[in-house]
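Structure first, then comments.
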Amino acid sequence: GLLYGKREHLKRLHPYKVRANSDAIPNRWEWGTLNHELLAGITACVEYLADLGQHAAPGASERRACLRAAYEAIGRHERVLSERMLCGLRHLPGAKVYGITDPRRGAERCPTFAIRIPGHTPLELAAKLGERGFFTWDGNYYALNLTERLNVERTGGFLRIGLVHYNTAEEVDGVLAALQEIAG
């Protein structure tokens, strides 16, 4: 986790911490030994994103500019993939896509799709896609109230397809072709 706060509040509040830990800020808010694996992972993540940003904007030299360029490039690529998936799902007979489905509103959604296909449970679809090398999920994704309200909880919730910046258009086409084949 990350704690960000005004110095006067961080000094005034009583932290739940190891007694032997310093009472000086910021250490007074540490519970004990730092999670070094987490710190290494966060560092690697920032380096990875900065590298993506340098490839997207070769002139960027400041880390902040590289990170901004990375997020802009990731957003553009994911919107392209999302539009491709939405257009493909529109041509899948009987498929119901939940959420924003207008490709022109792509900036308002993330490239994660909750779908249902008549005659197939989400579990069955996820298993069949898995056999073809595509990792998807089935279930309610902790949105139990939503799946109950939409009356899909009893029949397995949704098939969830998640795309990220390292996915390709060919992979999207592959998922769509597999769904077409499975749906018959």
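Numbering-wise (the working numbering), the sequence shown opens with residue 0 and increments by one. Backbone N, C-alpha and C define an ideal beta-carbon position, used for all residues, glycine too.
When the options are compared against residue i, the one with the closest alpha-carbon
i, options, result
"residue 128", "62, 39, 171, 149", "171"
"residue 111", "135, 75, 40, 58", "135"
"residue 113", "105, 87, 161, 39", "161"
"residue 18", "7, 12, 30", "30"
"residue 88", "115, 68, 70, 65", "115"
"residue 33", "169, 99, 0", "0"
"residue 94", "144, 181, 58", "181"
Distance, residue j Cα to residue i Cα
i, j, result
"residue 53", "residue 42", "17 Å"
"residue 16", "residue 28", "7 Å"
"residue 192", "residue 49", "The question about residue 192 has no answer here: the residues shown for the chain are numbered 0 through 183."
"residue 46", "residue 38", "12 Å"
"residue 147", "residue 121", "15 Å"
"residue 104", "residue 158", "22 Å"
"residue 183", "residue 152", "24 Å"
"residue 22", "residue 40", "27 Å"
"residue 86", "residue 36", "41 Å"
Span of the beta strand (DSSP E) around residue i
i, result
"residue 111", "111-115"
"residue 161", "157-161"
"residue 5", "Residue 5 -> no beta strand (DSSP E), and no H or E assigned at all."
Residue range of the alpha helix (DSSP H) that includes residue i
i, result
"residue 24", "Here residue 24 belongs to no alpha helix (DSSP H), and DSSP marks it neither H nor E."
"residue 50", "35-55"
"residue 171", "168-182"
"residue 238", "Shown here, the chain extends from 0 to 183; a query on residue 238 therefore has no answer."
"residue 31", "Note, residue 31: premise wrong, no alpha helix (DSSP H); not H, not E."
Cut-off 7 Å between Cβ atoms - residues of its own chain near residue i, not counting five sequence neighbours on either side
i, result
"residue 164", "73, 76, 77"
"residue 62", "49"
"residue 177", "128, 131, 133"
"residue 179", "91"
"residue 99", "107, 108"
"residue 166", "80"
Cut-off 8 Å between Cβ atoms - residues of its own chain near residue i, not counting five sequence neighbours on either side
i, result
"residue 149", "97"
"residue 10", "24"
Counting beta carbon pairs with one atom in the stretch 97-112 and one in the stretch 79-86, are three or more of them shorter than 8 Å? yes
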